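Top line first, the protein sequences correspond to chains A and B.
In this text, residue positions in the first sequence follow this note's numbering: the first is 1150, and each later residue adds one.
In this text, residue positions in the second sequence follow this note's numbering: the first is 1150, and each later residue adds one.
Glycine included, C-beta positions come from ideal geometry on N, C-alpha and C.
The structure displayed is predicted, hence computed values, not measured ones.
2 protein chains.
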Amino acid sequence: MKRIVEHVIAIPGARHGHLSDAVRERIEQMVLRGDIEAGERINELRLAGRLKVSRGPVREALRSLERAGLLVAIPNRGMFVRRLELEEALHLYDVRAGLARVAARLAALRASAKQLKRLQALFQRMQQACAAREVAAFNHWNSAFHAELMETSCNPRLIAMSESVRNELQLYLGKGVVGPAQLRKSQAEHRVVLAAIERGDAEGAGAALEAHVLSGKQRMLDYLGSRGEGIRAARLAP
Amino acid sequence: MKRIVEHVIAIPGARHGHLSDAVRERIEQMVLRGDIEAGERINELRLAGRLKVSRGPVREALRSLERAGLLVAIPNRGMFVRRLELEEALHLYDVRAGLARVAARLAALRASAKQLKRLQALFQRMQQACAAREVAAFNHWNSAFHAELMETSCNPRLIAMSESVRNELQLYLGKGVVGPAQLRKSQAEHRVVLAAIERGDAEGAGAALEAHVLSGKQRMLDYLGSRGEGIRAARLAP
DNA sequence: GCGGTTAGAATTGTCAACAATATGAAGCGG
DNA sequence: CCGCTTCATATTGTTGACAATTCTAACCGC
């Protein structure tokens, strides 16, 4: 199946920084939004034409995204949107869980009064969405909560890596696999995390957030199991 | 101070895969081996000349290394070898510790008999080096031990990220800061890790290896403190 | 002598053309 | 009808050249 018309979305002429950075951001968006589906090959010339730039910056951008794990390069064949196998997604969940533990631990140690208040406010938003069974709203505030928590860790490298892993995982499943049923459970886990942060319990917060991520991993497995997929690889889950 | 003669180390003509990959590996080596010192600017044209390639592949390689955190790009000024501040090194140690915990936990769960034997053998090598006060040998087997442990985790993404963080940290201090004095302490921590893995104690192994990394972080701080540097940022250590 | 200004050189950013390789279809023999 | 070969096409890999920007240093007025 092929689109007949290729939309041209040129990159603004006047800008700051590298052209390849703007290109990278565009392609990253396309990949994460699912405009280009997993496994699909990326045509340099066509992409360059759509963005109204040359192939040089495009190749640099693709190389960067390859290192980020969003694309894979096959010599003389080109760049492909990475197709994440279940096995790899599980591996990434484990990494994510480890990073989350560190983040929560640091957040509990370093949270300022203002940051704590923001976390509590976001928790309340989730609470409301949870009560109203509004999955979309819950996901939105959930993302904000996790982002704020990361910010609270005051560790830029940790934030960047978590974001990177999160992006890669998004390759596997377009959006979160949280059905209305698991909202309460997820929110209960958030409560434990927040409570630990509030009382400055670093280890508790770390363990709680790590458990929350691993719970999400299990949710994904259950979801796939209910669809009959990926049962083979389930043994990889600790 | 400038080198008068620039050694030409051309890249072999016949090879598999991308030319830019070979270039990237070369530059990565140069940076990690300290051939190009931190903060130094990288001249694309000269580098391309030394490697007997054009600037295109060089730029792609540099872009990849930028994403890996080894270089920083300043628009219209070029690429610089990243100068790691103490603060950032401490952040990276925290990330590394979190990844190490996950790795050890998984290793304890998944270690095969053969892998366990290899870990024990490497531990014995370290033991010998420790008794003989041979720092260089200890560092060598120490690296091998940690690498084998990572391998045992059976999580490729975790291994790659740990390696990446390790490389970045190497930017800060050329080699490990382990003096003969701390060999015994480090080895004692190894013993705890190995013992936990041997008895399949996942949480114990995770906690032990994390503690080991954080102990290394503290070692670095002590080392710097004894040289009068970086006392200002010491408050960042949890 | 010193600060600001301004050409010139050096370097990065971008592009378009050329070479090498893979893809796919047509033709051929079995 | 199926598999193999061959050739045309499309796409990636690489290069050198040109444009834009920054750095250097000589120059000028004070």
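Under DSSP, the beta-bridge partners assigned to B/G1227 are B/I1223. Closest in alpha carbon position to A/Q1269, among A/I1191, A/H1156, A/Q1336 and A/R1173, is A/Q1336.
With 16 or more neighbouring CB atoms inside 10 Å of its own CB, B/H1240 falls in the buried class. Close partners of B/V1244 in chain A (Cβ separation under 8 Å): L1248, V1251, N1304, R1306, L1307 and M1310. A direct Cα-Cα distance of roughly 15 Å separates A/I1191 from A/E1174.
Three or more pairs of CB atoms, one per stretch, sit closer than 8 Å, so the stretch 1307-1322 of chain B contacts the stretch 1243-1258 of chain B. Judged by DSSP secondary structure, A/I1346 falls within the alpha helix (DSSP H) whose first and last residues are L1332 to E1347. Nearest C-alpha to B/K1334 among B/S1213, B/L1255, B/F1287 and B/A1171: B/F1287. Rounded to the nearest whole angstrom, the C-alpha separation of A/R1208 and B/E1209 is 7 Å. As the crow flies, the alpha-carbon of B/G1183 is around 44 Å from that of A/Q1367. Ranking A/Q1277, A/A1238 and A/R1315 by CA distance to the CA of A/M1369 puts A/A1238 first.
Going by beta carbons, B/V1180 and B/V1230 fall inside the 7 Å limit.
The beta carbon of B/V1341 sits closer than 7 Å to the beta carbons of A1357 from its chain, once the five residues preceding and following it are set aside; these are given in chain order. Listed by position along chain B, the residues whose Cβ is nearer than 8 Å to that of A/A1217 are R1216. For the 7 Å CB-CB criterion, B/R1195 and B/V1157 do not form a contact. Annotation for A/N1291: M1275 place their beta carbon closer than 7 Å to its own, counting only its chain and skipping 5 residues before and after.
Taking the Cα positions, B/L1214 is about 7 Å away from B/E1177. Only G1205, R1208, E1209, A1210, L1211, R1212, S1213, L1214, E1215, R1216, A1217 and G1218 from the stretch 1185-1218 of chain B bring a Cβ to less than 9 Å from some Cβ of chain A.
According to the DSSP secondary-structure assignment, A/I1191 is paired through a beta bridge with A/M1228. Contact of B/S1169 with chain A by beta-carbon distance below 8 Å involves R1212. The beta carbons of B/E1317 and B/G1188 sit no closer together than 7 Å.
In the structure shown, B/N1304 adopts coil according to DSSP, grouped into three states. Contact check for B/R1212 and A/S1169: beta-carbon distance about 7 Å, within the 8 Å limit, so the pair qualifies.
Scanning chain A for C-beta atoms nearer than 9 Å to the C-beta of B/E1237 yields P1305 and R1306, reported in chain order.
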